[in-house]
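*Asks:*
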RNA sequence: GCCGGGGUGGCGGAAUUGGCAGACGCACAGGACUUAAAAUCCUGGGUUGCGACAGCAGCGUGCGGGUUCGAUUCCCGCCCCCGGCACCA
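In the working numbering, the protein residues as written are 31 to 868.
1) Examine the Cβ distances between the stretch 581 to 596 and the stretch 98 to 117 and report whether three or more of them are shorter than 8 Å.
2) Along the chain, where does the beta strand (DSSP E) containing residue 183 start, and where does it finish?
3) Do residue 279 and residue 713 have their C-beta atoms within less than 9 Å of each other?
4) Kindly list the residues whose CB is nearer than 7 Å to the CB of residue 322, restricted to its own chain and excluding five residues on each side of it in sequence; keep chain order.
5) With residue 59 and residue 553 assumed to form a contact (beta carbons below 8 Å), what rounded beta-carbon distance in angstroms separates them?
6) Can you give, in chain order, each stretch of the beta strand (DSSP E) that sits fully within the stretch 334 to 385 and has at least 3 residues?
7) Straight-line CA distance for residue 765 to residue 639?
8) For residue 558, which residues from the same chain have a beta carbon less than 7 Å from its beta carbon, with the 5 sequence-adjacent residues on both sides left out?
9) Out of 114, 542, 496, 422, which has the shortest C-alpha to C-alpha gap to residue 162?
10) Under 7 Å Cβ to Cβ from residue 799, same chain only, skipping five residues before and after it: list those, please.
11) Quick check on residue 825: does DSSP put it in helix, strand or coil?
12) Hey, which unbroken runs of the beta strand (DSSP E) at 3 residues or more fall wholly within the stretch 494 to 539?
13) Quick one: using the 10 Å Cβ neighbour count with 16 as the cut-off for buried, is residue 302 buried or exposed?
14) For a test of the three-state rule: what should DSSP assign to residue 271, helix, strand or coil?
15) In this structure, how does DSSP classify residue 718 when only helix, strand and coil are distinguished?
16) Considering Cα atoms alone, identify which of 735, 795, 772 is closest to residue 761.
17) Report the three-state DSSP secondary structure of residue 453 (helix, strand or coil).
18) Does the Cβ of residue 392 have 16 or more other Cβ atoms within 10 Å, making it buried, or fewer, making it exposed?
19) Whose CA, out of 493, 245, 623, lies closest to the CA of residue 566?
20) If you drop the 5 nearest sequence neighbours on each side, which residues of the same chain put their C-beta closer than 6 Å to that of residue 663?
21) Report yes or no: do the stretch 432 to 448 and the stretch 250 to 257 share at least 3 C-beta pairs separated by less than 8 Å?
22) Between the Cα of residue 144 and those of 809, 808, 635, spot the shortest distance and give me the residue it belongs to.
23) Taking 9 Å as the threshold (C-beta atoms), are residue 217 and residue 206 in contact?
24) How do the stretch 655 to 671 and the stretch 808 to 815 stand: do at least 3 beta-carbon pairs fall below 8 Å, yes or no?
25) Use the C-beta contact count for residue 731: other C-beta atoms within 10 angstroms, 16 or more gives buried, fewer gives exposed.
26) With a threshold of 8 Å on Cβ separation, who are the neighbours of residue 788 within its own chain once the five nearest residues in sequence on each side are excluded?
27) Compute the distance between the beta-carbons of residue 71 and residue 172, then report whether it is under 9 Å.
28) Quick check: the Cα distance between residue 212 and residue 184, rounded to an integer number of angstroms?
29) Considering Cα atoms alone, identify which of 831, 703, 261, 346 is closest to residue 95.
30) Taking only the alpha-carbon atoms, compute the straight-line gap between residue 631 and residue 41 and give it to the nearest angstrom.
31) Helix, strand or coil for residue 108 per DSSP?
32) Would you say residue 49 touches the ligand MG, meaning its beta carbon is less than 8 Å from a heavy atom?
33) In whole angstroms, what separates the C-alpha of residue 685 from that of residue 99?
34) Identify the continuous beta strand (DSSP E) that holds residue 217 and give its terminal residues.
35) Quick check: the Cα distance between residue 769 and residue 720, rounded to an integer number of angstroms?
36) Look at residue 461 and residue 522 and say whether their C-beta atoms are less than 9 Å apart.
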């Protein structure tokens with residue numbers, strides 16, 4: 031027999047695919063397209079099997095769809111900007127560009143050695159000016175539309191290094207380099223107005239039927255729409271008022287205090303009017319809840335001594351400042367209703383503030399004196415003037431209207447989603463393309479001057495201002511409007527900007543004038559199948575949905591949602607933990623390739639569990655998949671000479687039972703695998719089905735003149751029935767075709783061994799024939815009183831009555847029914863006969 | 001606390017619409033081949049009890065109930081695990 035040498039096959043076929051440009055595609059309106067995409071990679075240096083799992087999943091889909099007749103776009107690229115490369119530069123002195131490009135080269139080799147069918151000619155790297163030019167282009171479009179704007183915002187500041195720190199660079203509140211305590215500092219920063227699309231991003235989720243429910247829910251919660259009302263409480267002792275946001279205006283008669291966030295503007299006003307403004311400010315500042323652990327230490331605050339008027343009761347209530355009110359949500363102020371809100375209840379108990387009941391339960395009446403928790407549930411209004419007796423939901427609607435009529439408030443919709451801060455005080459990112467002029471203010475860089483290239487920097491210190499500010503010849507420019515002296519913006523963009531539209535760039539990756547040709551996007555988009563880690567469930571996917579809508583409004587695309595079907599793949603663990611260099615539990619795919627070849631690794635990773643599930647890496651399992659490939663190899667090798675070549679007989683009507691059985695199994699396997707891959711994405715059971723087919727073909731071979739495939743029994747020109755040859759040829763061809771998405775190198779070689787001409791990327795997926803898959807007879811299980819008591823054999827088209835009779839007449843079943851009364855005989859799906867006796 | 005997903009042999013997992021629980025593989029055991037080993041091929045196995053070892057009976061998908069001729073699947077009430085969010089008024 032020919033030996034199975036996977037490493038040689040890997041090289042041979044990978045070369046072949048590259049030289050024939052097998053996976054490169056062009057727009058072709060005459061063919062249906064399929065866009066298969068895996069989340070592009072951060073070039074960290076080495077891909078481990080956890081990363082690689084995702085690319086294999088996508089490749090199964092891409093290769094299958096190609097064989098199913100689609101024009102398949104399956105590209106890959108690099109999310110190449112980012113902090114790690116810059117941190118490395120600070121530590122080792124290697125320029126981020128060099129380390130990034132080196133890493134890309136290595137990882138690209140790894141993916142190529144796995145035989146992933148990428149259209150490499152469309153490869154992109156976000157750190158190249160060809161690409162980031164269009165980050166800047168899109169930014170300018172957003173700037174023109176008021177979707178990019180500046181406002182003051184807080185950053186982490188290291189007072190020793192004089193630099194801004196990213197959240198990842200703050201370790202336990204201290205600078206990652208010098209260990210000094212990080213402080214908050216306000217800077218002017220750029221934002222994208224994603225909140226303008228909040229409603230649309232929310233309603234669009236309804237259309238994402240092929241996304242995991244989990245991801246949809248996470249996005250919905252992140253956007254966090256809530257309907258409520260804004261209500262103004264006039265100050266009792268000064269001009270002006272304080273506006274609160276509430277979803278429960280129906281409880282307003284029970285508001286016994288107002289709470290302001292420590293950052294609320296009114297706090298400063300109160301401070302200025304107080305006898306000791308500095309002390310007042312310091313006191314308020316102590317309750318700023320920057321740190322998320324504030325809730326752990328309970329609800330704390332202080333009474334400002336000022337009062338407001340409840341606009342519904344007319345009664346005076348005190349104004350407090352407390353740590354549990356968020357400055358950046360709603361109006362930064364809330365009305366305290368301790369009777370009906372858990373947080374207000376806790377606060378009132380802490381400071382002995384009065385509690386009033388204004389919604390009384392119909393089922394379990396409560397009283398302010400005895401209650402141990404706020405009553406947030408059902409009930410009707412009490413102590414609420416003209417609204418008494420109304421169910422709370424109705425009261426909520428009526429009182430919102432009343433507030434508007436009285437001019438003291440109005441119904442409103444509030445989102446948790448905040449605008450997206452994109453400014454980074456870093457080097458290794460896209461320069462924000464604006465110029466600051468004393469005369470003209472903030473001016474966009476003219477489009478014809480794009481890209482604004484990153485200046486050369488040779489030493490990375492991690493100290494001082496934004497790195498770009500240290501290159502005066504780059505910073506100092508003339509204003510595009512007035513020609514006077516001006517300065518470039520020295521911040522770079524968040525790398526999430528890069529990844530928010532890269533899937534569109536793949537449609538037309540070489541375009542020098544536009545991010546992409548709208549006609550290309552119209553053909554290829556949306557992405558039909560998108561897979562990646564669940565860690566991107568919120569930000570990356572939400573930002574991509576946002577960008578798609580912005581580009582729609584700019585006129586480049588005509589659809590709303592970029593990703594039709596989403597799969598979030600599970601991680602690969604080793605020793606119960608996520609693989610990481612620091613844990614020393616990384617499995618390098620190259621080690622596995624050296625031992626078993628790419629196909630065994632691919633097959634194993636798909637077989638071990640469904641794609642969404644986390645898996646524990648297991649060397650023995652990989653070994654098993656390798657054994658299976660050898661088994662397939664031996665089967666094909668055993669038969670190739672006899673059944674191979676063109677012009678073999680086709681399956682005729684003269685098949686015997688065993689041959690018909692093989693055909694049935696073949697077609698049933700085609701049906702199952704096609705649906706497992708395309709519909710259900712159960713790649714593990716697809717592999718099981720292949721294994722079953724192989725097992726069946728081994729058994730069948732044993733019954734032929736050739737005998738079972740085995741190293742010790744080489745075929746020796748034995749004569750087979752023509753039907754046997756035809757049946758095996760059909761089965762083995764189908765097997766090789768169906769295994770090819772999983773084990774493409776082996777399949778190509780076997781296809782050739784079978785005497786076929788041409789590469790598999792041009793061959794169609796085997797066709798399913800329902801008539802062949804249908805058996806002549808069925809074995810029908812028979813239950814008596816719910817217990818399996820026997821089986822009967824019946825014609826495939828037996829009627830329910832026939833099945834009933836056959837079951838009742840069966841000798842084995844009679845043993846359980848004789849002498850008893852038959853109460854009922856049910857014929858169920860399957861089919862299955864269920865007899866009830868007593 | 002809220003939201004989402006789970007709990008099936010020694011292990012990974014399967015069961016597509018309420019219909020034969022445990023497919024397929026790993027590990028293990030036995031057999032064939034071999035001087036021998038490896039490799040390969042074949043066979044076996046949820047569990048308990050009885051027994052004439054190819055037989056019989058019972059139990060069995062986290063726990064307790066329910067619906068149904070029939071429940072891993074649907075309903076009610078619990079327990080446990082994993083993931084996300086976390087003072088959003």
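Heads up, the beta-carbon is just placed ideally off N, CA and C, and yes, glycines get one too. Just so you know, these numbers come straight off a predicted model, no measurement behind them.
*Replies:* Let me lay it out:
1) At 8 Å Cβ cutoff, the stretches do not touch.
2) The count along the first chain starts at 1 and reaches residue 183 at position 153. Where residue 183 is concerned, the enclosing beta strand (DSSP E) stretches over 178 to 188.
3) For the purposes of this step, residue 279 is taken as the residue at position 249 of the first chain. For the purposes of this step, residue 713 is taken as the residue at position 683 of the first chain. Against a cut-off of 9 Å, the Cβ pair of residue 713 and residue 279 comes out as no contact.
4) Within the first chain, numbered from 1, the residue matching residue 322 stands at position 292. Because the pLDDT of residue 322 is 40, which lies under 50, any placement of that residue in the model is unreliable, and the question is left without a value.
5) Position 29 of the first chain, counted from the start, is the residue given in the question as residue 59. Position 523 of the first chain, counted from the start, is the residue given in the question as residue 553. About 7 Å separates the two Cβ atoms, so the contact holds.
6) DSSP assignment within the stretch 334 to 385 yields the following whole beta strand (DSSP E) runs of 3 residues or more, N-terminal first: 346 to 352, 363 to 366.
7) Here residue 765 refers to the residue found at position 735 of the first chain. Here residue 639 refers to the residue found at position 609 of the first chain. Between the alpha carbons of residue 765 and residue 639 lies a distance of about 21 Å.
8) By 1-based counting over the first chain, the position of residue 558 is 528. Residues of the same chain with a CB within less than 7 Å of the CB of residue 558, apart from the 5 flanking positions on each side, are 64, 65, 66, 594, 595 in chain order.
9) The residue labelled residue 162 in the question sits at position 132 within the first chain. Nearest to residue 162 by alpha-carbon distance, out of 114, 542, 496, 422, is 542.
10) By 1-based counting over the first chain, the position of residue 799 is 769. These residues qualify, in order along the chain: 697.
11) Taking the first chain and counting its residues from 1, the one referred to as residue 825 is at position 795. Strand, per DSSP.
12) Counting whole runs of 3 or more residues, the stretch 494 to 539 contains the beta strand (DSSP E) stretches 506 to 508, 515 to 518.
13) Locating residue 302 in the first chain gives position 272, where the first residue counts as 1. By the neighbour-count rule (16 or more Cβ atoms within 10 Å), residue 302 is not buried but exposed.
14) The sequence position of residue 271 within the first chain is 241, counting from 1. Three-state result, residue 271: strand.
15) Residue 718 sits at position 688 when you count from the first residue of the first chain. Note: residue 718 maps to helix in three-state DSSP.
16) To locate residue 761, count along the first chain from 1; it is residue 731. Cα-wise, what sits closest to residue 761 is 795.
17) The sequence position of residue 453 within the first chain is 423, counting from 1. It is a strand residue.
18) Numbered from 1 along the first chain, position 362 holds the residue referred to as residue 392. With fewer than 16 Cβ atoms within 10 Å of its Cβ, residue 392 is classed as exposed.
19) Numbered from its first residue, the first chain carries residue 566 at position 536. For residue 566, the closest C-alpha among the options 493, 245, 623 is that of 245.
20) Mapped onto the first chain, residue 663 falls at position 633. Leaving aside the five residues that flank residue 663 on each side, the residues in its chain whose CB is nearer than 6 Å to its CB run, in chain order, 34.
21) Touching, yes, given that three or more Cβ pairs across the two stretches are closer than 8 Å.
22) The sequence position of residue 144 within the first chain is 114, counting from 1. Out of 809, 808, 635, 635 has the C-alpha closest to the C-alpha of residue 144.
23) Within the first chain, the letter at position 176 stands for residue 206. Within the first chain, the letter at position 187 stands for residue 217. Residue 217 sits away from residue 206, with the two beta carbons spaced by 9 Å or more.
24) No: fewer than three Cβ pairs fall under 8 Å.
25) Position 701 of the first chain holds residue 731. Counting the other Cβ atoms within 10 Å of the Cβ of residue 731 gives 16 or more, which makes it buried.
26) Taking the first chain and counting its residues from 1, one reaches residue 788 at position 758. Scanning its chain for C-beta atoms nearer than 8 Å, with the 5 sequence neighbours on each side dropped, one finds no residue around residue 788.
27) Position 41 of the first chain holds residue 71. Position 142 of the first chain holds residue 172. At a Cβ-Cβ threshold of 9 Å, residue 71 and residue 172 do not count as neighbours.
28) Numbered from 1 along the first chain, position 182 holds the residue referred to as residue 212. Numbered from 1 along the first chain, position 154 holds the residue referred to as residue 184. Distance between residue 212 and residue 184, taken at the CA atoms: about 12 Å.
29) As a first step, residue 95 is located in the first chain; it is residue number 65 there, counting from the start. Comparing Cα positions, the closest option is 703.
30) Locating residue 631 in the first chain gives position 601, where the first residue counts as 1. Locating residue 41 in the first chain gives position 11, where the first residue counts as 1. Those two C-alpha atoms are separated by around 15 Å.
31) Against the first chain, residue 108 aligns to sequence position 78. In the three-state scheme derived from DSSP, where H, G and I count as helix and E and B as strand, residue 108 is classed as strand.
32) What this structure holds is no ligand at all, so the ligand MG is not there to describe.
33) As a working mapping, residue 685 is identified with position 655 in the first chain. As a working mapping, residue 99 is identified with position 69 in the first chain. Those two C-alpha atoms are separated by around 31 Å.
34) Counting from one through the first chain, the residue named residue 217 turns up at place 187. First-last of the beta strand (DSSP E) with residue 217: 213 to 222.
35) Numbered from its first residue, the first chain carries residue 769 at position 739. Numbered from its first residue, the first chain carries residue 720 at position 690. Residue 769 and residue 720: Cα-Cα distance of roughly 7 Å.
36) Sequence index remark: in the first chain, residue 461 carries index 431 (1-based). Sequence index remark: in the first chain, residue 522 carries index 492 (1-based). In this structure, residue 461 lies near residue 522, with their beta-carbon atoms less than 9 Å apart.
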